[in-house]
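For the sequence shown, the positions run 1 to 229 when the UniProt record's numbering is used.
Beta carbons are placed, not taken as given, at the ideal position from N, Cα and C, and that holds for glycine.
Beneath this line is the structure, given in structure tokens, with notes to follow.
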Amino acid sequence: MFEVAVIEDPAAAEVSLDPVRTRLLAELAGGAASATMLAAKVGLPRQKVNYHLKALERHGLVELVEERKKGNVTERVMRATAASFVISPTALAAVAPDPARSPDQLSARWLLALASRMVRDVGELITGAAKARKRVATFAIDGQVRFASAADRAAFAEELAGAVTALVAKYHDEAAEGGRDHRVVVAVHPSVAARPASSGPVHVQTASDGPVQGDPGNDGPFQGGAQGL
């Protein structure tokens with residue numbers, strides 16, 4: 001079972017969003033079970049559960065683990081194909097977010113479009129790598145930083161953009177034979193909920209397109225002229 005699987009097919013996305021099927025997926029992510037076992041947990045007739053399981057199986061969201069003979073009945077034991085799922089913007093086709101439409105380093109909506117593209121691209125990479133039985137070369141940093149003032153936040157954004165731009169200039173080789181392009185994205189946004197304080201130095205997300213929308217409850221958006229790479 002994968003830790004995370006990406007749903008790219010619109011029909012599979014629709015199937016996964018049905019409340020009953022979402023509940024069944026959650027149960028099967030916790031361990032394999034038969035329709036009879038699941039029926040007792042979710043309070044539905046076994047036949048109804050079987051119907052939903054067939055739909056999930058058809059779209060690759062659950063898989064057969066084993067078949068057990070119980071008298072004249074063959075019981076199918078199923079499990080989820082992943083512990084959790086992410087629906088790729090690819091499933092939205094023409095209405096999927098596109099960062100190229102209105103790039104704006106200080107826009108939270110543009111940041112959301114960048115994040116959507118990352119979900120789409122990394123999802124495609126994971127799907128391809130799984131078929132080829134290979135790993136995807138990725139790197140990410142996740143952390144938290146607390147700014148004393150809006151001025152500090154703006155200075156941080158300027159320094160971060162400058163450091164990333166310098167690193168890209170150092171390692172980018174347009175003429176490298178056999179080289180491969182890598183997407184670099186930096187994102188900074190206000191924390192949604194309080195998190196435990198960290199005792200060590202703090203790092204912030206990954207690197208590239210510049211500073212992001214400020215905290216509405218603070219002193220306005222990031223300021224400064226940091227540019228995309």
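Here H52 is buried: its Cβ has 16 or more other Cβ atoms, across all protein chains shown, within 10 Å.
In chain order, M1, F2, A5, G60, L61, V62 and E63 place their CB closer than 8 Å to the CB of T81, counting only its own chain and leaving out the 5 sequence neighbours on each side. A direct Cα-to-Cα measurement between A115 and A140 gives close to 13 Å.
Just so you know, the alpha carbons of E8 and R58 end up roughly 14 Å apart. In the DSSP assignment, I87 falls outside any alpha helix (DSSP H) and within the unbroken beta strand (DSSP E) covering A82 to I87. When secondary structure is reduced to three states using DSSP, I126 falls in the helix class. A residue is called buried when at least 16 other Cβ atoms come within 10 angstroms of its Cβ; G179 does not meet this threshold and is exposed. Take the alpha-carbon of R21 and the one of R120: they are about 23 Å apart. The alpha helix (DSSP H) runs of length 4 or more contained entirely in the region 20 to 61 are, from start to end of the chain, 35 to 42 and 46 to 58. Listed in chain order, the non-local C-beta contacts of P10 below 6 Å within the same chain comprise A91, local neighbours out to five positions each way being set aside. With a cutoff of 8 Å on beta-carbon distance, R46 and A39 are scored as near each other. If you look at F156, you'll find it in the alpha helix (DSSP H) that goes A150 to Y171. The alpha-carbon separation between V49 and V77 amounts to approximately 12 Å. Between the alpha carbons of E158 and G143 lies a distance of about 18 Å.
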